[in-house]
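Let me begin by presenting the structure, written as structure tokens, before commenting on it.
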Amino acid sequence: MTRFVLVWILVAACQSSDVSRQVGARCDTNADCDVKCLAPDGAWPGGFCTVLCDSDANCPADTRCIEDQGGICAFTCAGDPGCTFLGDGYTCQQVDSHGGGVKVSACHGG
Amino acid sequence: MSRRLTLGLGLGFGAALVIAPAVARADQVVVPAAPVAPPDMSDQAIGASLGVATGGRVTAGGLRLAGHFLYQLSDRDWFDGTAAFTFGGGGAGCFRDRSNAFVCDHGLAAGDSIELLAGVRHFLGGQDQFWPFVVGGVGMRGVEFSADSVNGLAFALHAGGGIRASVSPGIAVTAQGELELGFGAFNHSLGIEPQLGVAITAGVEFRL
Numbered sequence: 000m001t002r003f004v005l006v007w008i009l010v011a012a013c014q015s016s017d018v019s020r021q022v023g024a025r026c027d028t029n030a031d032c033d034v035k036c037l038a039p040d041g042a043w044p045g046g047f048c049t050v051l052c053d054s055d056a057n058c059p060a061d062t063r064c065i066e067d068q069g070g071i072c073a074f075t076c077a078g079d080p081g082c083t084f085l086g087d088g089y090t091c092q093q094v095d096s097h098g099g100g101v102k103v104s105a106c107h108g109g
Numbered sequence: 000m001s002r003r004l005t006l007g008l009g010l011g012f013g014a015a016l017v018i019a020p021a022v023a024r025a026d027q028v029v030v031p032a033a034p035v036a037p038p039d040m041s042d043q044a045i046g047a048s049l050g051v052a053t054g055g056r057v058t059a060g061g062l063r064l065a066g067h068f069l070y071q072l073s074d075r076d077w078f079d080g081t082a083a084f085t086f087g088g089g090g091a092g093c094f095r096d097r098s099n100a101f102v103c104d105h106g107l108a109a110g111d112s113i114e115l116l117a118g119v120r121h122f123l124g125g126q127d128q129f130w131p132f133v134v135g136g137v138g139m140r141g142v143e144f145s146a147d148s149v150n151g152l153a154f155a156l157h158a159g160g161g162i163r164a165s166v167s168p169g170i171a172v173t174a175q176g177e178l179e180l181g182f183g184a185f186n187h188s189l190g191i192e193p194q195l196g197v198a199i200t201a202g203v204e205f206r207l
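Chains as they are written, first to last, in numbering that gives the first Met the number 0: chain H, 0 to 109; chain Y, 0 to 207.
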């Protein structure tokens with residue numbers, strides 16, 4: 000029993016989420032995020048926390064700077080299965096990169 | 000051999016048996032037992048320590064300040080009653096994940112806590128002014144992450160070790176490291192969450 004509790008504590012303490020207050024958490028207002036909340040709608044089902052960016056260098060790992068609302072970071076993907084962790088409504092889409100003039104694959108609603 | 004001679008030999012042998020051990024004892028050098036704990040440590044002491052504690056998730060981490068009361072239990076063991084304060088501050092670290100569960104992902108130094116700890120310090124033996132020891136105990140702590148309005152009550156086991164160095168007959172300094180492992184109940188639908196951290200502190204003790 001003691002061993003089980005210790006293992007549970009260690010496993011639970013080391014778990015981490017795929018999303019964060021920076022990028023990916025659900026939200027209704029900016030207070031739910033570190034920087035900005037893309038309010039729930041067809042483009043961002045459930046709401047989407049993100050950070051503003053000028054280039055990919057401003058974005059956390061696994062995200063890129065896309066052309067939306069002046070530049071925001073969104074998760075990159077290689078196909079729809081790569082976006083399922085964000086929940087219903089998200090698919091892998093070709094969108095404009097911010098400032099780069101090229102298309103990138105990113106998880107997006109709608 | 001006459002009966003008198005036989006009686007005399009018998010008495011003499013008997014006397015030798017009684018006297019010989021006493022003589023032998025008188026020749027032995029009495030060696031005092033080596034101390035098993037710091038000789039300058041009395042049955043009671045108070046102390047204070049300062050250091051850092053690591054946190055994460057809903058474990059508070061940051062500056063660790065603690066007060067100690069030590070009370071002798073045995074030759075090697077002292078009860079260590081501690082009141083520990085952890086000051087991490089920090090911003091918000093909780094959010095709703097994609098399944099709409101409220102989760103917290105605070106960093107190593109965030110949040111505040113107050114803990115009352117009952118433990119035992121066991122000296123491992125030493126020499127001169129340096130005395131290593133191990134510590135173990137259980138604590139009850141209140142934890143708060145004010146930026147997220149998250150708070151809870153937790154219990155944690157402590158285990159670690161350190162060293163005590165005497166600097167004068169009534170004063171000693173200590174260095175100590177501890178692993179803290181436990182769980183607590185938190186608000187905001189977090190429920191039962193683990194407590195996991197490490198604390199490294201240095202302190203001073205005064206003999207009472």
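Cβ coordinates follow ideal geometry from the N, Cα and C atoms, glycine included. All values derive from a computational prediction rather than experimental measurement.
- Query: Do the segment 194-205 of chain Y and the segment 41-51 of chain Y make contact, defined as three or more Cβ pairs closer than 8 angstroms?
  - Reply: The segment 194-205 of chain Y, when compared against the segment 41-51 of chain Y, does touch it at the 8 angstroms Cβ threshold.
- Would a check of beta-carbon distances place residue 86 (chain H) closer than 8 angstroms to chain Y? Yes - at least one Cβ of chain Y is within 8 angstroms of the one on residue 86 (chain H).
- Taking contact to mean at least 3 C-beta pairs separated by less than 8 angstroms, is the segment 29-38 of chain H in contact with the segment 104-115 of chain Y? Contact fails: fewer than three Cβ-Cβ distances are below 8 angstroms.
- Cut-off 7 angstroms between Cβ atoms - residues of its own chain near residue 82 (chain Y), not counting five sequence neighbours on either side: Excluding residues within five positions, the ones whose Cβ falls inside 7 angstroms are 65, 66, 115.
- Can you tell me the Cβ-Cβ gap for residue 183 (chain Y) and residue 142 (chain Y), rounded? I've got them flagged as a contact below 8 angstroms. Sure, about 6 angstroms apart at Cβ, within 8 angstroms.
- Task: Could you tell me which of H:52, H:23, H:61 sits nearest to residue 77 (chain H), measuring between CA atoms?
- Result: Closest by C-alpha distance to residue 77 (chain H), out of H:52, H:23, H:61, is H:61.
- Of all the CB atoms in chain H, is at least one closer than 8 angstroms to the CB of residue 99 (chain Y)? Yes, its Cβ sits closer than 8 angstroms to a Cβ of chain H.
- Query: Can you tell me whether residue 37 (chain Y) is buried or exposed, with buried defined as 16 or more other CB within 10 angstroms of its CB?
  - Reply: Its Cβ being crowded by 16 or more others within 10 Å, residue 37 (chain Y) is buried.
- Are the beta-carbon atoms belonging to residue 79 (chain Y) and residue 136 (chain Y) less than 8 angstroms from one another? Yes; because the gap between Cβ atoms is below 8 angstroms, this pair is in contact.
- Message: Considering only DSSP beta bridges, list what residue 42 (chain H) is partnered with.
- Response: None, per the DSSP bridge assignment.
- Message: Does residue 48 (chain Y) come out as helix, strand or coil in the three-state DSSP assignment?
- Response: The answer is strand: DSSP assigns residue 48 (chain Y) an E or B state.
- Which residue comes first and which comes last in the beta strand (DSSP E) that contains residue 126 (chain Y)? No beta strand (DSSP E) holds residue 126 (chain Y); DSSP gives it neither H nor E.
- Below 8 angstroms between beta carbons: does that hold for residue 48 (chain H) and residue 31 (chain H)? Yes, these two residues count as a Cβ contact at 8 angstroms.
- Beta-carbon contacts of residue 3 (chain Y) that lie in its chain and below 6 angstroms, excluding the five residues immediately before and after: Because residue 3 (chain Y) carries a pLDDT of 47, less than 50, the predicted location of this residue cannot be relied on, and the following value inherits that uncertainty. Hits under 6 angstroms: none found.
- Compute the Euclidean distance between the alpha carbons of residue 162 (chain Y) and residue 88 (chain Y), then round it to the nearest angstrom. Those two C-alpha atoms are separated by around 30 angstroms.
- Message: Below 8 angstroms on the Cβ atoms is my contact criterion, and I expect residue 72 (chain H) with residue 82 (chain H) to pass it. Report the Cβ-Cβ distance as a whole number of Å.
- Response: In fact, because the Cβ distance is near 15 angstroms, the residues do not count as touching under 8 angstroms.
- Item | Residue interval of the beta strand (DSSP E) (run including residue 68 (chain H)) | It is not in any beta strand (DSSP E) - residue 68 (chain H) carries neither H nor E in the DSSP assignment.
- Does residue 158 (chain Y) get closer than 8 angstroms to chain H when you measure Cβ to Cβ? Taking 8 angstroms as the CB threshold, residue 158 (chain Y) stays off the interface with chain H.
- Item | Where residue 2 (chain H) sits in the DSSP three-state scheme | Looking at residue 2 (chain H) - three-state DSSP - the assignment turns out to be helix.
- Task: Please confirm whether residue 159 (chain Y) and residue 175 (chain Y) have their CB atoms less than 8 angstroms apart.
- Result: The Cβ-Cβ distance between residue 159 (chain Y) and residue 175 (chain Y) falls below 8 angstroms.
- Would you say residue 50 (chain H) faces chain Y, with C-beta separation under 8 angstroms as the test? For residue 50 (chain H), the answer is no, since every Cβ of chain Y falls outside 8 angstroms of its Cβ.
- Extent of the continuous beta strand (DSSP E) run through residue 105 (chain Y): In this chain, residue 105 (chain Y) is not harboured by any beta strand (DSSP E), its DSSP state being neither H nor E.
- Could you pull out every residue in the same chain whose Cβ sits closer than 6 angstroms to the Cβ of residue 68 (chain H), ignoring the five residues on either side in sequence? Excluding sequence neighbours, residue 68 (chain H) sits near nothing in its chain.
- Message: To be precise: take each residue of the segment 101-127 of chain Y, compare its Cβ to all Cβ atoms of chain H, and keep it if any distance is under 7 angstroms. Which residues remain?
- Response: So the close ones are 102, 104.
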